[in-house]
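Protein chains: 2
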Amino acid sequence: MKLGTKGRYAVMALVDLAYYGQGKPLALTEIAQRQSLPISYLEQLFLKLRQKGFVASTRGHLGGYTLAREAEAIRISEILEAIGEPIETTRCDKSSSTGCLGTNAKCLTHTLWAGLGAQMHQYLHGISLADVCERRVV
Amino acid sequence: MKLGTKGRYAVMALVDLAYYGQGKPLALTEIAQRQSLPISYLEQLFLKLRQKGFVASTRGHLGGYTLAREAEAIRISEILEAIGEPIETTRCDKSSSTGCLGTNAKCLTHTLWAGLGAQMHQYLHGISLADVCERRVV
DNA sequence: GAATTCCCGACTAAATTAGTCAAGTATGAA
DNA sequence: TTCATACTTGACTAATTTAGTCGGGAATTC
Ligand code: FES
Ligand code: FES
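Line by line, the protein sequences are chains L and V.
Numbers 397 to 534, taken from the numbering used here, label the letters of the first sequence in order.
Numbers 397 to 534, taken from the numbering used here, label the letters of the second sequence in order.
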């Protein structure tokens, strides 16, 4: 049960962007250096973040990224979702109605894990980028 | 952010043991079949569970495992810990006082992830094996 | 002594992660 | 124009982790 670098880096970078980029575009190299993250890896992540509408890009000299939405309106849970690091606590495919294995009944532990997932999602949904920037996290 | 099979299988098996094994030893083959889990994998897990004092074993014919502690007194969080699937949300080594990278200050996202970890631990600590068996989970 | 069951360590195939690399496109400044 | 900067994109890969398997052994009961 561990958090990977994808999600971690994405949030770190977006926090940095919200924190230091006051309106004007911030280059990825700058973010990468400040947070000491591999830049070519970040490029990958920001590609997805742009496609999903979290950031906007300006190319060329003095270009960079800006937040496409208000920092108050971006939930941490959304970032993880967008980047491809979803919360997967249950094993059963929630689309099909079949449980863990073969049987169409849910296994004994299903509600346990589902509850855990809900708990995590609720926590991460309740915190915005702005909250992290301004250290409003308990 | 996904739950692996180690933790999942361990909890499934222990729930099965608490549910079907009324006092008397339950063979691993029986548990494995009922939950359709790979038996040789389960053996590995139960080795650790015994060493950590969650179950007791009886060898030979009609042998098997029994719970070594009351089902009410076994928290899900303990199982995951024992089996080697801990909750790792932060990246910094909590023993050393150094943060994510080099600097001894905590990174901006540290409290966010620490909070998530605390949330998860709290949830899993608040639920016992007995709770799962008797479906007292929201 | 034969069947059953736990005990234990070593090993491995497959999947995932955590990136790198190379080539291209757009923009602004000198 | 030309150059430097910076985003864009897909392909590729090394390392790690996961999810097991396998083989042999030891204890216990019938
Ligand atoms: S986790 Fe959903 S049925 Fe087992
Ligand atoms: S996660 Fe602890 S300092 Fe970054």
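We treat Cβ as the ideally placed atom computed from N, Cα and C, and that holds for glycine.
So what does DSSP say about residue i, is it helix, strand or coil?
i	result
Ala452 of chain V	strand
Thr401 of chain L	helix
Arg471 of chain L	strand
Leu587 of chain V	Because residue 587 of chain V is not part of the residues shown, which for chain V are 397 to 534, the question remains open.
Glu381 of chain L	Given that chain L is displayed from residue 397 to residue 534, the structure contains no residue 381 of chain L and the question cannot be resolved.
Leu476 of chain L	helix
Glu484 of chain V	strand
Leu422 of chain L	strand
Taking only beta-carbon positions, decide if residue i is within less than 8 angstroms of chain V.
i	result
Lys444 of chain L	no
Glu481 of chain L	yes
Gly417 of chain L	no
Val451 of chain L	no
Leu508 of chain L	yes
Lys398 of chain L	yes
Gly456 of chain L	no
Tyr437 of chain L	no
Glu474 of chain L	no
Leu512 of chain L	yes
Arg487 of chain L	yes
Leu504 of chain L	yes
Do residue i and residue j have their C-beta atoms within less than 8 angstroms of each other?
i	j	result
Gln431 of chain L	Met397 of chain L	no
Phe450 of chain L	Ala478 of chain L	yes
Gly513 of chain V	Ile475 of chain V	no
Lys508 of chain L	Ile523 of chain V	Correcting the residue type first, residue 508 of chain L is Leu in the shown sequence and not Lys. Yes, the Cβ-Cβ distance between Leu508 of chain L and Ile523 of chain V is below 8 angstroms.
Gly419 of chain V	Thr462 of chain V	yes
Val528 of chain L	Thr499 of chain V	no
Gly480 of chain V	Ala423 of chain V	no
Tyr405 of chain V	Leu438 of chain V	yes
Leu413 of chain V	Thr485 of chain L	no
Flag residue i as yes if its beta-carbon sits less than 8 angstroms from any beta-carbon of chain L, otherwise no.
i	result
Gly522 of chain V	no
Tyr461 of chain V	no
Gln515 of chain V	yes
Glu484 of chain V	yes
Cβ of residue i within 7 angstroms of any heavy atom in ligand 4?
i	result
Trp509 of chain L	The model on display carries ligand 1 and ligand 2 but not ligand 4.
Worksheet item: Can you list, in chain order, the residues of the segment 401-427 of chain V whose Cβ is nearer than 8 angstroms to any Cβ on chain L?
Response: Gly403, Arg404, Val407, Met408, Val411, Asp412, Tyr415
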